[in-house]
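Visitor: Dropping a structure here in structure tokens format, bear with me for questions.
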Amino acid sequence: MTWQELENECITCRKCELCKTRTNTVFGAGNKNADLMFVGEAPGENEDLTGIPFVGRAGKLFDKYLEAVGIRRDSVYIANMLKCRPPKNRDPLPSEQDMCIEYLRNQVRLISPKLIVCLGRISAIRLIDPHFMITRQHGIWYKKGSFEMCAVYHPSLLLRDPRKKEDMLTDMKVVKAKLDALSVN
Ligand code: URA
Numbered sequence: 006m007t008w009q010e011l012e013n014e015c016i017t018c019r020k021c022e023l024c025k026t027r028t029n030t031v032f033g034a035g036n037k038n039a040d041l042m043f044v045g046e047a048p049g050e051n052e053d054l055t056g057i058p059f060v061g062r063a064g065k066l067f068d069k070y071l072e073a074v075g076i077r078r079d080s081v082y083i084a085n086m087l088k089c090r091p092p093k094n095r096d097p098l099p100s101e102q103d104m105c106i107e108y109l110r111n112q113v114r115l116i117s118p119k120l121i122v123c124l125g126r127i128s129a130i131r132l133i134d135p136h137f138m139i140t141r142q143h144g145i146w147y148k149k150g151s152f153e154m155c156a157v158y159h160p161s162l163l164l165r166d167p168r169k170k171e172d173m174l175t176d177m178k179v180v181k182a183k184l185d186a187l188s189v190n
């Protein structure tokens, strides 16, 4: 499947009820040859309105971390577990994740990143470990097939709990170090 075929299938998707309430499908954005991919949870209001991931308040905070550690947003790929906004930003249902995850799997296949960083517990539970505990396991790297994965705090959580911001900066610095190490090795 080509990138264009995948994107077309995704943006016209009607596999679950979320298609009835979405304004736009939020497929993903960034460098399709990226070594580093971030996977968030689901689009919020601003993402639904623009069709672009992480452009709202949480996204602006995330941009600050990217800038702080020296990662250009357009050098990485950013996607979500769900491509459509759940009403009132509720947590994605397992059934919605089941129906949507094939889009993400295909994105990963086509991009073939070396590093995948989950933004928050929802994607970590699904992609790293069903028992993932974000407060204990954030910043820990796991080897998964041809890539390495970790999870960091979701930027929305940092907006609610600023005490976690220091850990986020530490974790993001390691992400950048891992990225730099790829070009050395
Ligand atoms: N939160 C997410 O998980 N993803 C977005 O795209 C925006 C907010």
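Residue numbers (the numbering used here): 6 to 190. Positions of the beta carbon are idealized from the N, C-alpha and C atoms, including for glycine.
Measuring alpha carbon to alpha carbon, tell me which residue in Ala-186, Ser-161, Trp-8 is nearest Arg-95.
Guide: Sequence index remark: in the sequence shown, residue 95 carries index 90 (1-based). Cα-wise, what sits closest to Arg-95 is Ser-161.
Visitor: Taking the alpha-carbon of Leu-87 as reference, which of Tyr-70, Asp-79, Pro-99 has the nearest alpha-carbon?
Guide: Within the sequence shown, the letter at position 82 stands for residue 87. Cα-wise, what sits closest to Leu-87 is Pro-99.
Visitor: Whose C-beta lies closer than 7 Å to the C-beta of Gln-142 among residues of the same chain, with five residues either side of it excluded?
Guide: For this step, residue 142 is matched to residue 137 along the sequence shown. Excluding positions up to five away in sequence, the list reads Ala-156.
Visitor: Return yes when at least one heavy atom of ligand 1 lies under 7 Å from the C-beta of Asn-29, else no.
Guide: For the purposes of this step, residue 29 is identified with residue 24 of the sequence shown, where counting begins at 1. For ligand 1, no non-hydrogen atom lies closer than 7 Å to the CB of Asn-29.
Visitor: Report the three-state DSSP secondary structure of Leu-11 (helix, strand or coil).
Guide: Taking the first residue of the sequence shown as position 1, residue 11 is located at position 6. Correct three-state label for Leu-11: helix.
Visitor: Consult DSSP for Tyr-158 and reduce its assignment to one of helix, strand or coil.
Guide: Numbered from its first residue, the sequence shown carries residue 158 at position 153. The answer is coil: DSSP assigns Tyr-158 none of H, G, I, E or B.
Visitor: So, at 8 Å on beta carbons, what are the nonlocal neighbours of Leu-187 in its own chain, with the 5 sequence-adjacent residues on each side left out?
Guide: As a working note, residue 187 is residue 182 in the sequence shown. Excluding positions up to five away in sequence, the list reads Asp-40, Lys-119, Leu-120.
Visitor: Expressed to the nearest angstrom, what Euclidean distance is found between the alpha-carbon atoms of Arg-114 and Cys-105?
Guide: The residue you call residue 114 lines up with position 109 of the sequence shown. The residue you call residue 105 lines up with position 100 of the sequence shown. Arg-114 and Cys-105: Cα-Cα distance of roughly 15 Å.
Visitor: Within 7 Å: the Cβ of Ala-63 and any heavy atom of ligand 1?
Guide: In the sequence shown, the residue the question calls residue 63 occupies position 58. Yes, ligand 1 has a heavy atom inside 7 Å of this Cβ.
Visitor: Nearest CA to the CA of Asn-29: which residue from Thr-17, Asn-38, Glu-22?
Guide: Within the sequence shown, numbered from 1, the residue matching residue 29 stands at position 24. Comparing Cα-Cα distances from Asn-29 to each of Thr-17, Asn-38, Glu-22, the minimum goes to Thr-17.
Visitor: Does the count of Cβ pairs from the segment 32–39 and the segment 164–184 closer than 8 Å reach three?
Guide: no
Visitor: List the residues that DSSP assigns as beta-bridge partners of Glu-153.
Guide: On the sequence shown, position 148 is the one that residue 153 refers to. Per DSSP, the beta-bridge partners of Glu-153 are Leu-120, Lys-148.
Visitor: I need the straight-line Cα distance from Ala-63 to Tyr-70, nearest angstrom please.
Guide: As a working mapping, residue 63 is identified with position 58 in the sequence shown. As a working mapping, residue 70 is identified with position 65 in the sequence shown. Looking at the two C-alpha atoms, the distance is approximately 11 Å.
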